[in-house]
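Undergrad: Using UniProt numbering, the letters of the sequence shown map in sequence onto residues 1 to 1127. Here it is: the structure, laid out below.
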Amino acid sequence: MFSYMSTLFKYLFSKNSEEDDNEKEDFLAEQLLDLEIINETQNEYDNKTEAHEFPKNTVCFQKTGVITCINTSEIVIDDSLYFDAQSCTLDLKFNDQVLYLGYKNQNDSTVVVRILKNLGAFWDSGRDIEESEETVYGIIEHVVIGEVDERKNRYVYIKDSDIKFSLDDVASNLVPVSGDWLELKCSVQWNEEKPTDISPSQVLKVKSIRPLRSKIKNVIIDEWFGDYGICDKNIYFNRQSMQDGSVPQKGNHVMLEAIESNQGLCTWRATKVITIQVSELIEDVDNTHTDEENNSLIIEQEQKISVTHPIDFENINFNESKSMVITILNNSGQMHYINKWIVLNKKKDSQINLTPILTKPWRLYPQQKFTLTITCRPKFLGKTREHIKILFKGFQIDRYVNIQVVNDLFLNKNAPHKRKTVQESITKMKEIISENNNAFMPGVKPLKPPNFMAVRLGAFAIPSKVWAAVLGDSEQAAYSPDFDQIINRIISFLPCLLQPLNINNYTDRWHTLLYMEEIQQNINMRVYDLSKVFLIRCQEYLGVEIKELSEKRPSLMLGDKAIVKDIWDSNAPAYEGFIHIIKGDVVLMKFHQKFHESYTGSDVSIEFHFSRTMFRRAHQTINFAITKLGPDVLFPSRVSTHSCLLSQKRLSTIKWFKKNLNDYQKSAVLNILQGECRPLPYCIYGPPGTGKTVTVTELILQILTQFPDSRILVATPSNSAANLITEKVIEYREMFSDSILRLIAHHLVNSDNLPESIKPFCSTLDLSAENTKRRQIESGTNSRGTSFIGRHRVTIGTCYCLSGLIQLNLPKGHFTHIVVDEAGQATEPEVMIPLILADKESSQIILAGDPKQLGPVILSKYCKELGLDESYLSRILEMFPYQKDYDAYNLTDGFNPRLVTKLNHNYRSLQEVLQLPSAMFYEASLVAKLDRTSPWVTKLLKVVSEIFQTADSETGGIFMYGIRGCNARAEDSPSWYNPQEASMVALTVCKLYKKDVKPDDLGIITPYIAQIKCIRLLFDAMGLPQPKIGTVEEFQGQERPIILISTVRSSESHLQEDQKNSLGFVRSAKRLNVALTRAQVAVILFCDPHLLCVDPLWIQVINSTVQNDKYIGCDLPHIVKNNLRNK
């Protein structure tokens, strides 16, 4: 709902101001009506799921009984009825007669709801219990309004009533706290004679709860007291409310979701808060300096002293030094004393030196001048300002030295290679659609399609209305640079995208987003089209050379289709071909045999089309999701528990495969083995470096050992993650079984990316080889028909590769356990592929991942805006059963251990590296376990400390080079580079290499492809060996002892564009988190602090480096200086 409302407001208020207001009112009314329909439908579903709690025609009754046993925990009535003693507010004793309220459950057993009255001591020992008085009433559903009085563990107590319920027994969309006002949907006692007489004392059971009132609002923080604060004068919020890791500050603009709640003087409580803009961070630093200099000039006029102004070192080469003279002239009629001069910058940050040094006050007589020589010796690139104070007797004069250091290493002629523009790609895509020419001679596919499958794969062609929504119906619409305008057009064409995801629009919404993502992939593929080329014969193939291919989309891959046409003969038929082999830059294809025989080397045009199989399988999965998994798994709203699968005695005797597991890892495995909350997915929340893969491996081994009838399906979003899991599991194959299968795609059969150790366990799925024996193929992998696939105890593969299993129509419950590793990196349609192979009645689902790190890679920026990049893991962790509840689970980071285990021991990084990201993203819960006494660690600590001249020679952590460089843009591309930062990265690596740091010890991260190319050019020009250089996405899941990060941006005007194109680090919490947590010993940042201080997360990084004496470089923003003074 939070993201939905922000999209709704954007749509409404981005329209032209001249537009009739009635249209907006009508639109808003329609959307609110849609929401009401959704809520009503959801309420109908809630009613269905709750119907089983009371048998049909159940009645309740008031009845008298005698207390036959009483203690601190329970009260026994008539030797057979048990009641929780803590729920009773009456003063009761043994043998007291009481009036209680109860009902008969499905097993015809009496359930005591509450004890209404103490009737005094009971002495009639001859009375039969069955003869006790009983008054019968009906049961109706009724909404009761109440304020939460207090919380004890999972129990909620309602103020001024005896209503008490457990959060485990109700459906909800929030975890309430004391003071919250709630609507409680209850089953209540009903007296037909007094139909309006309904009170809290008649409540039999609370079925569901929701906030009484809620609102979403853009407000300003009024106060922040360190742990809690106030917004908009009456909205309370605390640290747990912050969703983006930022530290609240008075004056910040925030968007929040709040519910009615009594919190001291506040009447609302914010449940979610996101910082939109930081107070006073966007400042004119030049004006601040100018004001100080202007004040100084006024003093000079008053004292009749003139000092050289301005003082500029422009375009000074990094390897040179320059000097200039500052003249101080006394134009007054009296003598002045010059006491001394001071450079206010730290010595390690200063690039200037002044001579002579005054050892005693200098007498400056009337009309006499005094000269200072200022020499600039560059230490870092880019622009900076240094502050000089000249102290006279009785007054002082300020001067700022402007310095710009340049480097000639970067050659502009080596700008990134120009490729097709977006406009050209869209134009080509429109031509392809308008032609809609299917008249071609069919080519030879790499794999023979199956003749018959139990579950056929549909075509799922992109509807014309989705094409129109994304591409527009005119040149102006298609090429519009206005992101909001295009989003508004898409929403108006496809209104299902404006509604929040729910059980009713689940299939439509995901189908639409998948279509949009496929369109973007189609557009991206146009850069490979060739208008004039000749083909090369290579054995039975025809080939073409294409530059800049990559291993992932957008690129050409095996199985993609090519349409060739003779450009000189318009009447010649078009031929379809398929890519069979890719060797370097050469793409080898097979066409219709006639084309191979007739082609003589003439010029042809080639139009490439990617294989749609992955998208088709995702669409098929979405169609099955609701029926296969149901609302309980897709939209969990309550905790339902079952008996444990293993006894406590058996759990206590488990023998661990990995001997050094920590308590968090063991708890995750044990909780999953118990399976109390199945079929709800169990989440292993694994922040960076906390041993998530080790935990998943141990879990697989324990399931195989403890459940002999188990069969496990392990899915990952990437081949590298699947390979890693396979390697870890087969290490222990001698201890249990080697019945393991790593299912791979056909294009990986000859790939170098398959580790040798797992090749004997690899196989492709040949859907056309029904009932065939497995046959050995190249690289040691096997091709198996459907009779072999799925029989192994453990099957491992990527989500999309495993989608072939759906077509086999495996029996219900075929896989007892579904494990999805790196679940946060998969789209929801992608992760549903393995999940629909589960039996929602008996299978267990386990999701492992980190919702705070990068999500799935989405090509369409419009799909990102509309939610395709939100993983299923992230979504369900926001839903009620998975929400944090510190009142009940303060020892497990607020998570219900029956549903979530968070791993907190970090084995990757030193504490000084981990401390800041842990505080920003993980509530300071991560504990560093890396041994800082290891020789390789102490060596690198010393190296980094020497480079940054830190006082402590044994410190690592986050260091920063402040560089005010300039941005250059790659032609016709959203990609940018910063020559000054790139050069400073190269020079820093030089220093590291001189101190015997190896390339494998380093990693360089930057958000822009153009900057990656720029840095590589510099390394080549300087003859330096290259460490790994890549984007944040390429480094996720990896680690290096030292990580260097170039943020590139030095212009505030482009930040909004970056956000829309999902580029850069600013306002991207997940990207910043991943970048900072790759390092083991040190992170070295190269950035412009004047720009990055506008971001609520980056200001924390800048403040941290400055306060810990780990900053070097350009002058600091005014806000950072103020923070330092306040500290």
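Note that the Cβ used here is the ideal one computed from N, Cα and C, for glycine as well. In this text the structure is predicted, and so the values were computed from the model without any measurement.
#1: My guess is that C231 and V219 are in contact by the Cβ rule of under 8 Å, so how many angstroms apart are they, rounded?
#2: Consult DSSP for H642 and reduce its assignment to one of helix, strand or coil.
#3: With DSSP as the reference, please indicate the residues paired to Y575 in a beta bridge.
#4: Just verifying my parser: in three-state terms, what is the DSSP assignment at G824?
#5: Using the Cα positions of G962 and A986, report the straight-line distance between them to the nearest angstrom.
#6: Could you tell me whether the Cβ of Y993 comes closer than 8 Å to any Cβ of chain C?
#7: Quick check: L391 and K346, are their CB atoms within less than 8 Å of each other?
#8: Between the alpha carbons of V144 and L926, how many angstroms are there, rounded?
#9: Does the region 890-901 come close enough to the region 1036-1048 that 3 or more CB-CB pairs lie under 8 Å?
#10: Mind listing, in chain order, the continuous beta strand (DSSP E) runs of no fewer than 3 residues lying wholly within the region 367-404?
#11: Closest by CA to Y490, which one among V714, L501, T512 and I503?
#12: Under 8 Å, with one C-beta from each stretch per pair, do the region 1080-1087 and the region 909-919 reach the 3-pair mark?
#13: Any contact between the region 866-880 and the region 636-644? By contact I mean 3 or more CB pairs, one from each, below 8 Å.
#14: Are S871 and G797 touching if we call contact CB-CB under 8 Å?
#15: Classify Q702 as buried or exposed, calling it buried when 16 or more other Cβ atoms lie within 10 Å of its own Cβ.
#16: With 16 as the cutoff for other CB atoms within 10 Å, does K884 come out buried or exposed?
#17: Taking contact to mean at least 3 C-beta pairs separated by less than 8 Å, is the region 194-209 in contact with the region 164-178?
#18: Judging by CA-CA distance, which residue of M441, T427 and I876 is the nearest neighbour of W467?
#19: Can you pull the DSSP bridge partners for W224?
#20: Assuming K594 contacts M441 under a Cβ cut-off of 8 Å, what Cβ separation, rounded to an integer in Å, is found between them?
#21: From D569, I563, L588 and I579, pick the residue whose C-alpha is nearest to that of S602; which is it?
#22: Less than 6 Å between C-beta atoms, sequence neighbours within five positions excluded: which residues of the same chain meet that for V112?
#23: Just tell me which of G65, N904 and C966 has its CA closest to the CA of N118.
#24: List the DSSP bridge partners of N118.
#25: For A415 and R385, what's the separation of their Cα atoms in angstroms?
#26: For my contact list, M589 and Y664 are in at a C-beta cut-off of 8 Å; report their separation, rounded to the angstrom.
#27: Assuming S842 contacts I818 under a Cβ cut-off of 8 Å, what Cβ separation, rounded to an integer in Å, is found between them?
#28: Going by DSSP in three states, V1101 sits in which element: helix, strand or coil?
#29: Report the rounded CA-to-CA distance for R377 versus I1004, giving the unit in angstroms.
#30: Tell me whether the beta-carbon of H619 lies closer than 8 Å to the beta-carbon of L494.
#31: From L174, Q189, F122 and S178, pick the residue whose C-alpha is nearest to that of I140; which is it?
#32: Between the C-alpha atoms of M735 and P856, what's the straight-line distance to the nearest angstrom?
#33: Tell me the rounded alpha-carbon separation between V148 and S178.
#34: I need the DSSP call for S323, collapsed to helix, strand or coil.
#35: Can the beta-carbon of S241 be found closer than 8 Å to that of W181?
#36: Using the C-alpha atoms, what's the distance from K322 back to P356?
TA: For this structure:
#1: Position 231 of the sequence shown, counting from 1, holds the residue named residue 231. Position 219 of the sequence shown, counting from 1, holds the residue named residue 219. Contact flag correct, Cβ pair sits at about 5 Å.
#2: Position 642 of the sequence shown, counting from 1, holds the residue named residue 642. Here H642 sits in coil by DSSP.
#3: Indexing the sequence shown from 1 puts residue 575 at position 575. According to DSSP, which records beta bridges pairwise, Y575 is partnered with M441 and V564.
#4: Position 824 of the sequence shown, counting from 1, holds the residue named residue 824. Helix at G824.
#5: Mapped onto the sequence shown, residue 962 falls at position 962. Mapped onto the sequence shown, residue 986 falls at position 986. So the alpha carbons of these two residues sit roughly 15 Å apart.
#6: Among the chains in the structure shown there is no chain C, since it carries only a single protein chain.
#7: In the sequence shown, residue 391 corresponds to position 391, counting from 1. In the sequence shown, residue 346 corresponds to position 346, counting from 1. Cβ distance not < 8 Å, so L391 and K346 don't count as in contact.
#8: Reading the sequence shown from its first residue, position 144 is the one you call residue 144. Reading the sequence shown from its first residue, position 926 is the one you call residue 926. Their Cα atoms are separated by approximately 42 Å.
#9: no
#10: 369-376 and 382-392
#11: Locating residue 490 in the sequence shown gives position 490, where the first residue counts as 1. Per the sequence shown, the amino acid found at residue 490 is Ile instead of Tyr. The shortest C-alpha separation from I490 is found at T512.
#12: yes
#13: yes
#14: For the purposes of this step, residue 871 is taken as the residue at position 871 of the sequence shown. For the purposes of this step, residue 797 is taken as the residue at position 797 of the sequence shown. Taking 8 Å as the Cβ cut-off, S871 and G797 do not qualify as a contacting pair.
#15: Counted from its first residue, the sequence shown places residue 702 at position 702. Counting Cβ neighbours within 10 Å, Q702 comes out buried, since at least 16 surround it.
#16: In the sequence shown, the residue the question calls residue 884 occupies position 884. Per the 10 Å Cβ criterion, buried.
#17: yes
#18: What you label residue 467 is simply residue 467 of the sequence shown in a count that begins at 1. W467 has its Cα closest to that of T427, out of M441, T427 and I876.
#19: Position 224 of the sequence shown, counted from the first residue, corresponds to residue 224. Per DSSP, G229.
#20: Sequence index remark: in the sequence shown, residue 594 carries index 594 (1-based). Sequence index remark: in the sequence shown, residue 441 carries index 441 (1-based). Their Cβ separation, rounded to whole angstroms, is 6 Å, which keeps K594 and M441 in contact under 8 Å.
#21: On the sequence shown, position 602 is the one that residue 602 refers to. Selected option, being the one with the closest Cα: D569.
#22: In the sequence shown, counting from the first residue as 1, residue 112 sits at position 112. The residues are L81, F83, Y100 and G102.
#23: Reading the sequence shown from its first residue, position 118 is the one you call residue 118. For the residues G65, N904 and C966, the minimum Cα distance to N118 belongs to G65.
#24: In the sequence shown, residue 118 corresponds to position 118, counting from 1. Beta-bridge pairing links N118 to V98.
#25: Mapped onto the sequence shown, residue 415 falls at position 415. Mapped onto the sequence shown, residue 385 falls at position 385. Caution is warranted here: a pLDDT of 42 is assigned to A415, below 50, making its placement in the model unreliable, and no coordinate value can be reported.
#26: In the sequence shown, counting from the first residue as 1, residue 589 sits at position 589. In the sequence shown, counting from the first residue as 1, residue 664 sits at position 664. At roughly 51 Å, the Cβ-Cβ gap does not stay under 8 Å, so M589 and Y664 are not in contact.
#27: Indexing the sequence shown from 1 puts residue 842 at position 842. Indexing the sequence shown from 1 puts residue 818 at position 818. Not really, about 12 Å apart at Cβ, beyond 8 Å.
#28: Taking the sequence shown and counting its residues from 1, the one referred to as residue 1101 is at position 1101. Residue state, collapsed to three classes: helix.
#29: Counting from 1 along the sequence shown, the entry for residue 377 is found at position 377. Counting from 1 along the sequence shown, the entry for residue 1004 is found at position 1004. The straight-line gap from Cα to Cα measures roughly 27 Å.
#30: Translated into the one-based positions of the sequence shown, residue 619 becomes position 619. Translated into the one-based positions of the sequence shown, residue 494 becomes position 494. Not closer than 8 Å, so no.
#31: The sequence position of residue 140 within the sequence shown is 140, counting from 1. Of L174, Q189, F122 and S178, the residue nearest in Cα terms is Q189.
#32: Position 735 of the sequence shown, counting from 1, holds the residue named residue 735. Position 856 of the sequence shown, counting from 1, holds the residue named residue 856. Taking the straight line joining both Cα atoms gives about 35 Å.
#33: Translated into positions along the sequence shown, residue 148 becomes position 148. Translated into positions along the sequence shown, residue 178 becomes position 178. Spanning the two alpha carbons is a distance of roughly 5 Å.
#34: Position 323 of the sequence shown, counted from the start, is the residue given in the question as residue 323. If DSSP states are grouped into helix, strand and coil, S323 belongs with the strands.
#35: Here residue 241 refers to the residue found at position 241 when the sequence shown is read from its first residue. Here residue 181 refers to the residue found at position 181 when the sequence shown is read from its first residue. Cβ atoms of S241 and W181: not closer than 8 Å.
#36: Within the sequence shown, the letter at position 356 stands for residue 356. Within the sequence shown, the letter at position 322 stands for residue 322. In a straight line, the C-alpha of P356 is about 16 Å away from that of K322.
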